[in-house]
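Quick notes on the structure that follows.
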Amino acid sequence: MKNGDASQILAACKSESERQLELMRTIAKAMFKDTPSYLIGVNGSVARRECTSGSDIDLFFLFNGNITADEARAAQDLYRARLHEEGLVMPAHGGVFETPLNIEELLETIGGDDDTNIFITRRMLFLLEGEWTFNQGLFKQTRTQLIKRYVADDLDEHKLCLFLLNDVIRYWRTICVDFEHKTAAADKPRAIRLVKLRFSRMLLYLAGVAAVSQTKGIDVAAKRRKLEELFALSTIARMQAVFGPAMEKPLSRYARFLSDLNEEPIRTQLKLPGDEGLNTKVYKALSVEARHFKDELLAMMIEEFGSEHDVIKALLL
1 MKNGDASQIL
11 AACKSESERQ
21 LELMRTIAKA
31 MFKDTPSYLI
41 GVNGSVARRE
51 CTSGSDIDLF
61 FLFNGNITAD
71 EARAAQDLYR
81 ARLHEEGLVM
91 PAHGGVFETP
101 LNIEELLETI
111 GGDDDTNIFI
121 TRRMLFLLEG
131 EWTFNQGLFK
141 QTRTQLIKRY
151 VADDLDEHKL
161 CLFLLNDVIR
171 YWRTICVDFE
181 HKTAAADKPR
191 AIRLVKLRFS
201 RMLLYLAGVA
211 AVSQTKGIDV
221 AAKRRKLEEL
231 FALSTIARMQ
241 AVFGPAMEKP
251 LSRYARFLSD
261 LNEEPIRTQL
271 KLPGDEGLNT
281 KVYKALSVEA
291 RHFKDELLAM
301 MIEEFGSEHD
311 VIKALLL
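Its first residue numbered 1, the sequence shown is counted upward by one per residue in full-length UniProt numbering.
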């Protein structure tokens, strides 16, 4: 993958992601049959179709009906173990997605004191990049319900879905602040987190902004349909759907980022703690690429929307 052009690199990442998704779906179907109350999915690089050799599986478990949290946790642990047996890399225990979540909580906890970083992360990633591995019907139904929460029945035709846009912006700012918190200690790997923040996390954020930008000038039903249509696409495909050929240049840089992440020696250097990782040649080269990547995305958005577009104004005020 290292020596391929952008299209070859992206195709290789997509192919491996699809292979892993199909494996996870096959295993889940065999384990859970037609159980209606489990919704299993993934976030992260596999869901975005950006899988590299260093990718792990950001699994999430949702449930409804008469299923208890303990039952869902037991089922999740069995599924994780089965995926591990098949050679899929599972993240360490204790992350944001560790605890199975009732679907009702995902849908209802938007804003207020209970909307912690964990909730906003789970909600936003479900919407912006989530992909199903079990119970596709319930996955789509949940996404539809979540979009309805953001797009009120009485939202004027000429207005953007600002409720959703503000939550997307809030999520982006949250992960930027959390980056500083999580890497403050000198022994924490800072370079790899910063590179991912400036490439994949930024692109995911802008793909959310791009989706909302398409909701002006259409009625409520059309706004909801448009969002469902766009959120059903991967991050890259969503950006291409909105910006077309203008995405070619920034995608070339993004492909190089993915290609570098696919190389274990580069990942090893990026995972060095604190300043040690930041002072490596590979990080410095990627940092330059990240600046160009951001500049190209910003120029593309201004060119596409114009400085007077409501979505541009909303990002500032």
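C-beta atoms are modelled at their ideal positions from N, C-alpha and C, and glycine is treated no differently. These numbers come from a predicted model, not from an experiment.
Meets three-Cβ-pair contact criterion under 8 Å: the region 220–235 and the region 298–312: By the Cβ criterion, the region 220–235 is not in contact with the region 298–312, since fewer than three pairs of Cβ atoms, one from each stretch, lie closer than 8 Å.
Bounding residues of the beta strand (DSSP E) (the contiguous stretch that carries Thr133): Where Thr133 is concerned, the enclosing beta strand (DSSP E) stretches over Glu131 to Phe134.
Ile110 - containing alpha helix (DSSP H), residue span: In the DSSP assignment, Ile110 falls outside any alpha helix (DSSP H), carrying neither H nor E.
Enclosing beta strand (DSSP E) for Asn43 [first to last residue]: Residues Tyr38 to Asn43.
For Asn3, the three-state DSSP class (helix, strand or coil): Since pLDDT at Asn3 reaches only 49, below the 50 mark, its modelled position is unreliable, and the value read off the structure follows with that caveat. Correct three-state label for Asn3: coil.
Sequence-distant residues of the same chain with beta carbon closer than 6 Å to Leu88, five excluded per side: Only Ile57 meet the Cβ criterion.
Rounded separation between Thr235 and Phe32 - CA only: Approximately 29 Å between the Cα atoms of the pair.
CB contact flag (Ile40, Phe134, <8 Å): Their beta carbons are under 8 Å apart, which means Ile40 touches Phe134 by this criterion.
Identity of the residues DSSP links to Leu197 by a beta bridge: Leu197 is not bridged to any residue.
Short CB-CB distance (under 8 Å) between Arg225 and chain D: Considering every chain present, this structure includes no chain D. It has just one protein chain.
Backbone CA spacing between Ile192 and Lys271 [nearest angstrom]: For Ile192 and Lys271, the distance between alpha carbons rounds to 6 Å.
Integer-rounded CB distance, given that Ala314 should sit under 8 Å from Leu155: So it is not a contact: roughly 14 Å between Cβ atoms.
Alpha helix (DSSP H) segments (min. 4 residues) lying fully within the region 50–130: DSSP runs (the alpha helix (DSSP H)) wholly in the region 50–130: 69–85, 103–108 and 117–128.
Cβ neighbours of Glu248 in the same chain (closer than 6 Å, five flanking residues each side left out): There are no such residues.
Sub-8 Å separation of Val168 and Gln214 beta-carbons: For Val168 and Gln214, no; Cβs fall outside 8 Å.
Backbone CA spacing between Tyr150 and Ile110 [nearest angstrom]: Each residue's Cα considered, the two are about 9 Å apart.
Pro189 - partner residues in DSSP beta bridges: The bridge partners DSSP lists for Pro189 are Pro273.
Spatial neighbours of Asn3 in its chain, beta-carbon cut-off 6 Å, leaving aside the 5 residues before and after: Caution is warranted here: a pLDDT of 49 is assigned to Asn3, below 50, making its placement in the model unreliable, and the coordinate value is therefore given only provisionally. Closer than 6 Å at Cβ, skipping near neighbours: no residue.
8 Å CB neighbourhood of Ile120 in its chain, flanking five on each side removed: Around Ile120: Asp167, Arg170, Tyr171 and Thr174.
The region 60–70 in contact with the region 22–29 per 3-pair CB rule at 8 Å: Output reads no: the region 22–29 does not touch the region 60–70.
Cutoff 8 Å; reference Ile312; Cβ partners in own chain excluding five residues on either side: Within the same chain, and ignoring the five residues on either side of Ile312 in sequence, the residues whose Cβ sits closer than 8 Å to its Cβ are Met301, Ile302, Phe305 and Gly306.
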